[in-house]
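**Q** Take a look at this one; I'll ask things after.
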Amino acid sequence: NLVQDDRVVYGGGAAEIACAIATSKEADKISSLEQYAFRAFSEALESIPLALAENSGLSPIHTLTEVKARQIQENNPALGIDCMLKGTNDMKGQHVIETLRSKKQQIVLATQLVKMILKIDDIRSPNDNMGL
Numbered sequence: 001n002l003v004q005d006d007r008v009v010y011g012g013g014a015a016e017i018a019c020a021i022a023t024s025k026e027a028d029k030i031s032s033l034e035q036y037a038f039r040a041f042s043e044a045l046e047s048i049p050l051a052l053a054e055n056s057g058l059s060p061i062h063t064l065t066e067v068k069a070r071q072i073q074e075n076n077p078a079l080g081i082d083c084m085l086k087g088t089n090d091m092k093g094q095h096v097i098e099t100l101r102s103k104k105q106q107i108v109l110a111t112q113l114v115k116m117i118l119k120i121d122d123i124r125s126p127n128d129n130m131g132l
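Oh and the sequence shown: position 99 is 99 in the numbering used here, straight run, nothing missing.
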């Protein structure tokens, strides 16, 4: 991936938090019902840093809220979840990176999966045929 595109984003949920913040800001500009879709997408992006915090033994909601507030306050999109408990949320300083290409692909695939699930209008189980 780095051979084809050498751009990187910071890991530890930093990229997802930054995208969630940007999506929320964009939702504020929309007055139609579409803003709810933007807000839901923003919340979905936050599930990655929440899972990272929980799996690291941290309080997920408290940790995400703190890092998100710091990203906004410091205008620093490199702040993420300190999974290694090194005492800093700076993913740049911890050298935690991911390729931009793989991160974009993860988000696109997750979005496509959700769209496919939303298209399902009927679920049948083997027991449904017993009544026929």
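Backbone N, C-alpha and C define an ideal beta-carbon position, used for all residues, glycine too.
Which residue spans inside the segment 55-87 form an unbroken alpha helix (DSSP H) run of at least 4?
**A** Counting whole runs of 4 or more residues, the segment 55-87 contains the alpha helix (DSSP H) stretches 60-74.
**Q** Could you say if the segment 11-23 and the segment 83-93 meet the contact criterion of at least three C-beta pairs nearer than 8 Å?
**A** In short, these stretches touch, since the Cβ pair count reaches three.
**Q** Per DSSP, which residues does V8 bridge with? Please list them.
**A** Partner(s): T99.
**Q** Span of the alpha helix (DSSP H) holding L45?
**A** It spans 34-45 - the alpha helix (DSSP H) in which L45 sits, taken as one unbroken run.
**Q** Could you tell me whether the Cβ atoms of L45 and P60 are closer together than 8 Å?
**A** In this structure, P60 does not lie closer than 8 Å to L45 by Cβ.
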